[in-house]
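Numbering-wise (my numbering), the sequence shown opens with residue 1 and increments by one.
Glycine included, C-beta positions come from ideal geometry on N, C-alpha and C.
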Amino acid sequence: MSTETQKYTRNNPYTSTMLVNYVMTDADSEKETRHIELELEEGMHYTPGDAVGILPTNRDSEVEAVLKQLGFSGQERVLDHYKNEISLEEAVRTRLAIGKLTRSSVLAYAKIAPESTPGLDFLKSLVGAENKSKAEEYVWGREFIDLITEHPGGITEPQQLFTVLARLTPRMYSISSSQEKSSNTVHTTVRVVRYHTHNRERQGLCSGHLGERADVGATMPIFLHANQNFRLPENTDAPVIMVGPGTGIAPFRAFLQHREALGHKGKNWLFFGEQRMASDFLYREELEGMQKSGVLTHLHTAFSRDQAHKIYVQDKMRENFGELYKWLEEGAYFYICGDANRMAKDVETALIDAIADGRNCSPEHALEYLQEMKKQKRYQLDVY
Ligand SMILES: Cc1cc2nc3c(=O)[nH]c(=O)nc-3n(C[C@H](O)[C@H](O)[C@H](O)COP(=O)(O)OP(=O)(O)OC[C@H]3O[C@@H](n4cnc5c(N)ncnc54)[C@H](O)[C@@H]3O)c2cc1C
Ligand SMILES: NC(=O)c1ccc[n+]([C@@H]2O[C@H](COP(=O)([O-])OP(=O)(O)OC[C@H]3O[C@@H](n4cnc5c(N)ncnc54)[C@H](OP(=O)(O)O)[C@@H]3O)[C@@H](O)[C@H]2O)c1
């Protein structure tokens, strides 16, 4: 990564302008996944595999609700994390995580709340490692506004918010473009988080912002974040196998654009999965175009909800074990991006099975083969 890139960091972000922001999923989809393009200053540089960090700010309506519930005007003066004096309104809007409630916020609140706070005994019963699961159950699906509404009066001084609330942190998004194709922009593929819990409609802070308030022309603080552990092979002839369901497609769009623009000779194989082909086939035209032009040697899709039983990317791998193993033997690099909780583990299991199948060996021996691939940096993950 160039030195220019590091000019802007999470503590010194670049104010970027939104150039493109549209919904890729169809109106019938259960998801809202957006393609976003942000402008970069000359000299800002990223490599496929990197991420862009976006610093979100809290929604005006949420900020107002919190201030109102706390009984503060917002004009009060407080010291931020660097001891700079700012208004409480600015602190709540730009510095403090008033979204998703955390266990440590509840514990800090229980500690400082006056005895008159309703339900204080309950909050105190959540303190201590032995009550961790009870506390986790309480915070699940709740935000700070729920805590101060259900147990009002706990905060008596504006500055106490800095003790109770965590710092507002940037959200990371895998970059879905190559600068070989789009030199002055960075693209991302964002699923807008929306859900309903405890009788309220909720939305993810940053993805909600991108989905609701970030029209073309809006500005937002961003920085580029290098990920040396997710890189195309240095050998441009080496084959790559990419498994990226959902937003996991993002870095692979970048990889493919890069290899296409530079005319790399290595073969490319993509496994993409989503719920339904008609509504959720992200970047369909581009991918099918790359398939036609030969950049994408194979494109296998798994639309989980287009039939009675679920079909996932690993099922498509299983249908192609023979060729998959052949590519591995040719020195292919294998990449996974997307869901860390279940998908990545299941895909790894399928990969081990493909190796065991190809070598006619036990899963233990196949695991040794995978360990060797890891050592050679031929097995890389970008999961979240
Ligand atoms: C390296 C990396 C790369 C990433 N790349 C991408 C990417 O390419 N595209 C992408 O879309 N995201 C990506 N993410 C995820 C992204 O960074 C954010 O975490 C995501 O957009 C949510 O942030 P938010 O601010 O919108 O939501 P937040 O305000 O942070 O809220 C999210 C939280 O809401 C809660 N929540 C969500 N759904 C529910 C529910 N149904 N019920 C109860 N609680 C719920 C969960 O606690 C969840 O953690 C990546 C993350 C990492 C670490
Ligand atoms: N922190 C956050 O709040 C946040 C915000 C955005 C995205 N994310 C995460 O980003 C990742 C991508 O989300 P996404 O909505 O784009 O896609 P996704 O949830 O990963 O779904 C994409 C496809 O993968 C399928 N799938 C489900 N389980 C699978 C498994 N075990 N193995 C293989 N495929 C599986 C889904 O099928 P079915 O749905 O039909 O089962 C769907 O067809 C997920 O980890 C998601 O939680 C997190």
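Residue pairing from DSSP places K100 in a beta bridge opposite E143.
In this structure, DSSP gives G263 a state outside helix and strand, which the three-state scheme calls coil. The closest heavy atom of ligand 1 lies less than 8 Å from the beta carbon of P56.
In the DSSP assignment, H209 falls outside any beta strand (DSSP E) and within the unbroken alpha helix (DSSP H) covering 205-212.
H258 sits in a helix when the DSSP states are folded into three classes.
N84 carries a coil assignment under DSSP once its states are collapsed to helix, strand and coil. By the criterion of at least three beta-carbon pairs nearer than 8 Å, the segment 261-279 is in contact with the segment 28-46. A distance below 8 Å between beta-carbons, with the five flanking residues on each side excluded, links A261 to the following residues of its chain, in chain order: S178, E180, K181. Rounded to the nearest angstrom, the gap between the Cα atoms of G74 and Q159 is 12 Å. The count of Cβ pairs closer than 8 Å, one atom from the segment 189-204 and one from the segment 214-224, stays below three, leaving the stretches out of contact. Taken in chain order, the unbroken stretches of beta strand (DSSP E) that lie wholly in the segment 326-360 and span 3 residues or more are 333-338. About 19 Å separates the beta carbons of V164 and Y82, which is beyond the 8 Å limit, so they are not a contact pair. Linking T301 to I355 through their CA atoms gives a straight-line distance of about 21 Å. Every residue whose Cβ sits closer than 7 Å to any heavy atom of ligand 2 is listed here in chain order: K31, T33, R191, V193, G204, S207, P245, G246, T247, G248, G273, E274, Q275, A302, F303, S304, R305, K310, Y312, V313, Q314, G338, D339, A340, N341, R342, M343, D346, V347, Y384.
For R213, the number of other beta carbons within 10 angstroms of its own is below 16, and it is reported as exposed. Inter-residue distance for Y22 and H187 is about 12 Å (C-alpha atoms, whole angstroms). Note: M18 is bridge-paired with L38 in the DSSP secondary-structure output.
For a cut-off of 8 Å, the C-beta gap from A65 to I145 is around 6 Å, short enough to register as a contact. If you ignore the 5 residues before and after R194, its C-beta comes within less than 6 Å of the C-beta of Q203, all in its own chain and listed in chain order. DSSP, reduced to helix, strand and coil, places T297 outside both helices and strands of the structure shown, so it counts as coil. In this structure, DSSP gives V92 a helical state, which the three-state scheme calls helix. With a 10 Å radius around the Cβ and a threshold of 16 neighbouring Cβ atoms, H196 comes out exposed. Setting aside the 5 residues that flank it on each side, G99 is surrounded in the same chain by E143, L205, each with a C-beta closer than 6 Å to its C-beta; the list follows chain order.
For the set Y369, I148, L351, the Cα lying nearest the Cα of D315 is the one of L351. CA-CA distance, E62 to R93, rounds to 9 Å. Distances from the CB of T197 to the heavy atoms of ligand 1 include at least one below 8 Å.
For the options E286, Y14, K68, L40, the alpha carbon positioned closest to that of L55 is the one of Y14.
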